[in-house]
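Below is one structure, written out as structure tokens, with a few remarks after it.
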Amino acid sequence: MKMKKIIIMMGFVLLFSTSNLSASLNRISSCDGSFDPPSSQEKLLYELINEYRQSYGLPPIRLSKSLTHVARTHVRDLEAYPPSGSCNLHSWSEDGPWSSCCYTSDHAQASCMWDKPRESTPYSGKGYEVSTGPCTSCGPEAAIETWKSSHYHNAVILNQNNWSSYTWESIGVGIYEGYANVWFGEEEDPCGYWDGDEQDCAGVPGGSAYLDDCGNCVGGNTGLNPCTKPETSYSTDPNDLKPMLGATWEFTHDIHTDTLTFRTEITTNDDGNVTLVYYDQNLDFGAIMYGELPSDLELGERGFIAVTLEDMEEPKHAYIFTIAGDTATGYWIGEFTDPYPLTGTKLSDSSHAAPEDLEPMIGTTWEFTYNGQTDTLAFSSETSTNDDTVGLVYYDQNLDFGVIVYSELPSDLGLGEHGFVAATFDDMEEPKYAYAFTIAGDTATGYWSGEFTDPYPLTGRKISGGESVPDLSGLWVHEDWGEMSILQNGQQVNATFTKLSTWMIDDCGYKVGDQALYGTLTDQTITGKVYGLFCGTFRSRCPDQWIIWEDLTLTLSEDGNTLQGQWYNHTIHEDCSIADGGWEPFTLTRKTTITPETGHLVTPDLWIRAVIQTEDKGPIEAVWQQGGDDTMAGGARVIWGYFYASPDDVSWGSKENPDLFVKIWFDASGRTDVNFFHVSVPEIDVYSDYEYDGTADEHGITTMSRRYIRQWYENGLSHSDESYEDGIASPWYYPSGNPSGYPTVNNLRIGSVINTDGGPIDAVWYEGGNSLTAGGHEVLWGYFYASPNDVGWGSRNNPDLFVKVWFDASGRVDVNYFHVSVPDIEVYSDLPSDSSYDEKGTTILDDRYIRHEFWIASDTVRITGQVTGEDQQPLSGVKIKIPLEDGPVEVFSGQDGRYSLDVSDEDLPGTLAILAVREGFVPGSQNITKTGASEYIVDFVMEAIPDDTVILEIEPTVHHLGDDDYSGAINSQFQKRTEGLVYTEDFDVDSFHLGFSQAEISLFAKGLQSDNTLSVNGHQIAILDSAPADGSFGTVTFLFDTSLLSKGRNTLEIESFGDDFEFTNVVIRFKRYKDSCLRVSRKDSPEEQLFDFAFIDFSELAK
């Protein structure tokens, strides 16, 4: 029996279902694997992206085989399992050989995206994705236009803003059933690239033939069209499968008898049909459905159809039957045989184990011997359940993880009907080997099987168990070595280093995170191994022989706070061979943790606190917000974040309004620096304690002049430094760079240059937040950092320069720079942004703070507001823009959905349209009528694009038609000059849209006075001759019959006959006849051919 079949039997691995992706792509483990070439649509998308990049002077990216495989896999996963709730298009389902995740807008699951190429292919680098869908017209052209109109996606494609430090070496594309995505990578693909000369499925180099859904090679030069999947009539009602749910049936056909055991979970496949998985006596798997039966079998119209697969891949045979009570009648069909009559009997209603079935193994340790080998399995003290199957986790002597279940056993093993099946996994991922056995008291009999071997007989014995074991989980201290964290699973103990003494790092090469020891806990004693490294001269003299796992025994004290014993310390010969050593004492002391009442434990040892002295409420506890945590190439660790005032305490308090930046540096030498940077408000008390014992070691007060305090710890002692700052740049360090910089909000551009030992480099900007305060002020914050492509210590989680910008409601703008580390950092500011920087300076370690001040002209108008979804929750990343003749003024909404736009009053007409745009939402449009105020509040509620809606312009702008000869109240001013007399725009519809009776066109327009026309596909459907009389923008709508549309490409045309007017945001919504009936009449004049619409009550018509 093959090992794989034993393993698959377990509930924790029994995941196969016919709801798996019908067109999913498997993991490709080597570059010799089969990579399917890109389709013609995918090739086109690839070409469009490179054309777009080249228009910006950027080099093309090569089409990676590995990343294309990832992209094609993901679009199919998205189509089969569309994300819902807060999960966005970067999410992955649980149904595939990858790690699943719900990817949310806070990027907390970023590694789920980054790791996908190496999970699915030999590509070792990280992957970065842009996605769109689902939509009915997400072809290559629509996809790239969507990304171009998205600030964030566009930056990825063009290596702008936060992506400017990335160099794309590889790209992958995938398009499938309304989804499109592109993957970018910085590493070269070891499996090569699609350079155009690869053969398609018809063997034509560079050809465009592809495999259709039926597995046929079509398209290209084959002359064949893709197949159409036959319509099926399988059931979508789970109740139809209930007679089989959790049951075991025996079917007899010809001279054979098969036993089928069905799962307890019904699933739904891509077509909405319900399915149920089963396995037979040979541990082959299959799926059963309920549906229409072949008439020539004379079993009735509907019944059960079950198909068994060989090795979970190829169909092996099928059962077609109906049931009456606990009996079945029907036919068995082999791959190359005619149907054999079958009869069936239900044997039982459930085959799943109960927790008590696993009780003999809970909390025990067993030793199994087979083929001259001995394995030790330590079982957990708690069972768990998955898909109604009860399992128990264990670890073996190699710390490999496994799961055991109680289930039916294969009859050919001769062990009885039921017993234990255990599977061990390699690195907690791939099945490694399995045990199938029964027990009698404290002994076991059964078989062990590897992945590529036949079963070996095994014997087993319980060496400990059942009794309760002490809990050793937590931090433990070794006086000379440092600290380690013990993780415990039942009797299995595993520890990793969390802190190391200096000599352990420098002389021996230990690192935080290294495994420290492992073993089995029996009768208060750990027996196992400790990680030993030869140190000092041994390490340098024998570089290939300095790691060894040494024997270890430790016994727990009666109070449970000390582990004391000995370890065997080998020495080394002159020829670098291992020599005998001796036993040495080894003691660990449990580290007790004090839970602080105030402040925050950044790590188990480091506590920090900030108290803000407010003018209105006195001292308030500041709230800690951690931003990042990273380990540098040299072994140092960095944590950064900030304190802010709670909005529950003060009106200006906000998570997006930092009052105190913090950067913590755990140096590889053992020194710890806690750096506080005062941003605003009069005074902030800052505290730290390391190692935390409940009493602050250091306390200081930051102020508007004492901007920086450093509290640092080394060799068990604490210290403190502080510096006074005036915000004025040192005259001795004049900046000489000219960085390209980064546009932010309100037409402010900022930039930074870091002067490294290797020369100056442009720093990378990361925006942390942007919001409005209750007082009408706007705050923007973030930081600059060195790119990891430029320096080894560069990292997005290693800020070098904190920045906070305050746009005061009075018009004053403060740009505050806070120098964090490295020698010299040049800072630049420009407002309004033009070709040169207005302010510049150099921050140094002795002069850390620079402030640039600007004033916004008094004739500036501020437009503010908040963007929310239909659920009234804030929407971030929405582009708010005012299209003007000299270009749009635009900004993006912050995390709280708020935005603020400053624009010159003289640039704005008396009435104007302001737009809100975000991918996946119907564009928003609002009218502003100037009243002489300095500030206008405009809120938007965004609607997710429904299936029945077509957006003509993904990112709309204002269009002006006419001859630029206008006057009067309505036409007194326009936002833009005329673009001509005719506007045309193509749009696509499909069969879904054509299933509706009517379509409604809406546009946001001003200045409509005379006989302007609106046409679809050459059919005039409306006269545009009315708009708000005060010259403002308003929504106008027109209905027409969908019979004027055709499947695929259609054209809308708006024509002016000299009248000047403006419009934007053209949207088509499809509607059905409901309680009204549409009566259509045409004008007799063929020149006019206008539609008049009248509505009458449908119930009256029925009478």
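Heads up, the sequence shown is in our numbering, so the first residue is 134 and it goes up one at a time.
Backbone N, C-alpha and C define an ideal beta-carbon position, used for all residues, glycine too.
Discussion item. To the nearest angstrom, how far is the alpha carbon of ARG984 from that of ASN790?
Written reply: Approximately 17 Å between the Cα atoms of the pair.
Worksheet item: With a cut-off of 8 Å, do at least 3 Cβ pairs link the segment 658-675 to the segment 609-618?
Response: Contact between the segment 658-675 and the segment 609-618 is absent, because fewer than three Cβ pairs lie under 8 Å.
Item to complete: Starting from the N-terminal side, write out each stretch of the beta strand (DSSP E) that is 3 residues or longer and does not extend beyond the segment 1108-1181.
Response: Within the segment 1108-1181, the complete beta strand (DSSP E) runs of at least 3 residues fall at 1115-1122, 1131-1139, 1145-1149, 1152-1157, 1167-1174.
Worksheet entry | CA-to-CA distance, THR509 to GLU503, given in whole angstroms | According to the sequence provided, residue 503 is Tyr. The question's Glu does not apply to it. Going by the C-alpha atoms only, they are around 12 Å apart.
Discussion item. Check for me: the alpha helix (DSSP H) holding ASN183 runs from which residue to which?
Written reply: Its alpha helix (DSSP H) spans residues 173-187.
Worksheet item: With a CB to CB cut of under 6 Å and the five nearest residues on each side skipped, what residues in its chain are close to GLY909?
Response: The residues ALA942, in chain order, have a CB closer than 6 Å to that of GLY909 in the same chain once the five nearest residues on each side in sequence are set aside.
Discussion item. Count Cβ pairs between the segment 714-722 and the segment 680-700 that sit closer than 8 Å; are there 3 or more?
Written reply: Judged by Cβ distances under 8 Å, the segment 714-722 makes contact with the segment 680-700, as three or more pairs qualify.
Item to complete: Taking 8 Å as the cut-off, decide whether the C-beta atoms of VAL783 and ILE753 are in contact.
Response: Yes; because the gap between Cβ atoms is below 8 Å, this pair is in contact.
Practice prompt. Could you have a look at ASP471 and say whether DSSP puts it in helix, strand or coil?
Written response: Residue state, collapsed to three classes: coil.
Discussion item. Please state whether the Cβ-Cβ distance between ALA1138 and PHE1194 is less than 8 Å.
Written reply: Judged by beta-carbon spacing, PHE1194 lies within the 8 Å limit of ALA1138, meaning their Cβ atoms are closer than that value.
Item to complete: Might you give, ordered along the chain, the residues of its own chain that have their beta carbon closer than 6 Å to the beta carbon of ARG804, omitting 5 neighbours on each side?
Response: Same-chain partners within the cutoff: GLU847.
Discussion item. Below 8 Å on the Cβ atoms is my contact criterion, and I expect VAL1050 with ILE1078 to pass it. Report the Cβ-Cβ distance as a whole number of Å.
Written reply: That belief does not hold up - the Cβ atoms of VAL1050 and ILE1078 are roughly 12 Å apart, past 8 Å.
Worksheet item: Which two residues bound the contiguous alpha helix (DSSP H) that contains THR877?
Response: For THR877, no alpha helix (DSSP H) encloses it, and the DSSP letter there is neither H nor E.
Practice prompt. To the nearest angstrom, report how far apart LYS937 and VAL948 are at their CA atoms.
Written response: CA-CA distance, LYS937 to VAL948, rounds to 6 Å.
Item to complete: Go ahead and pull the three-state DSSP assignment for TYR589.
Response: Residue state, collapsed to three classes: strand.
Worksheet item: Which two residues bound the contiguous alpha helix (DSSP H) that contains THR635?
Response: Unbroken alpha helix (DSSP H) run through THR635: 635-639.
Item to complete: Please specify which runs of the beta strand (DSSP E), each continuous and at least 3 residues long, are wholly inside the segment 843-909, giving them in chain order.
Response: Fully enclosed beta strand (DSSP E) runs of 3 or longer: 850-856, 882-889, 892-895, 897-905.
Discussion item. Which residue wins for smallest C-alpha separation from TYR899, given the options LEU913, GLY891, PRO1007?
Written reply: That would be LEU913, whose Cα lies nearest to the Cα of TYR899.
Worksheet item: If you run the structure through DSSP and keep just helix, strand and coil, what is CYS324?
Response: The answer is coil: DSSP assigns CYS324 none of H, G, I, E or B.
Worksheet item: Three or more beta-carbon pairs under 8 Å between the segment 813-833 and the segment 733-748, yes or no?
Response: Result yes; three or more Cβ-Cβ pairs closer than 8 Å.
Worksheet item: So does the segment 827-838 actually touch the segment 966-982, counting three or more Cβ pairs closer than 8 Å?
Response: No contact exists between the segment 827-838 and the segment 966-982.
Practice prompt. Excluding the 5 residues preceding and the 5 following ILE1187 in the sequence, name in chain order all residues of the same chain whose CB lies nearer than 6 Å to its CB.
Written response: Counting only Cβ-Cβ distances below 6 Å, and skipping sequence neighbours, we find TYR1116, LEU1147.
Fill in: Member of ASN871, ARG435, PRO193, ASP1192 whose CA lies at the smallest distance from the CA of PRO893
Cα-wise, what sits closest to PRO893 is ASN871.
Practice prompt. Mind checking which residues open and close the alpha helix (DSSP H) that includes VAL783?
Written response: Bounds of any alpha helix (DSSP H) do not take in VAL783, whose DSSP letter is neither H nor E.
Item to complete: State the start and end residues of the unbroken alpha helix (DSSP H) segment that holds ARG209.
Response: Its alpha helix (DSSP H) spans residues 198-213.
Discussion item. Which of the three DSSP states is assigned to GLU515 in this structure?
Written reply: In the structure shown, GLU515 sits in a strand (DSSP, three-state: E or B).
Worksheet item: So the beta strand (DSSP E) THR1044 belongs to, where does it begin and stop?
Response: Taken as a continuous stretch (DSSP letters only), the beta strand (DSSP E) holding THR1044 covers 1044-1050.
Practice prompt. Please name the residue in THR254, ASP1144, GLU492 whose C-alpha comes closest to that of GLN1153.
Written response: Nearest of THR254, ASP1144, GLU492 to GLN1153, Cα basis: ASP1144.
Discussion item. On a Cα-Cα basis, can you pick out the residue from THR498, GLY463, THR1044 that is closest to GLY1167?
Written reply: Comparing Cα positions, the closest option is THR1044.
Item to complete: Can you tell me the Cβ-Cβ gap for SER226 and SER233, rounded? I've got them flagged as a contact below 8 Å.
Response: With 8 Å as the limit, SER226 and SER233 qualify as a contact, their Cβ atoms being about 6 Å apart.
Discussion item. I'd like to know whether the C-beta atoms of SER103 and VAL812 end up nearer to each other than 8 Å.
Written reply: Residue 103 falls outside the range modelled here, since the chain spans only 134 to 1236, and no answer is possible.
Fill in: Exposed unless 16 or more other CB atoms sit within 10 angstroms - verdict on LEU850
A residue is called buried once 16 or more other Cβ atoms fall within 10 Å of its Cβ, and LEU850, having fewer, is exposed.
Practice prompt. Please state whether DSSP places ALA288 in a helix, a strand or coil.
Written response: Helix at ALA288.
Practice prompt. Whole angstroms is fine: what's the gap from ARG435's alpha carbon to LEU1136's?
Written response: When rounded, the distance between both Cα atoms is 52 Å.
Worksheet item: In whole angstroms, what separates the C-alpha of GLU252 from that of SER779?
Response: When the Cα atoms are used, GLU252 and SER779 turn out to be separated by approximately 42 Å.
Discussion item. To the nearest angstrom, how far is the alpha carbon of HIS952 from that of GLU816?
Written reply: If you take the alpha carbons of HIS952 and GLU816, they lie about 20 Å apart.
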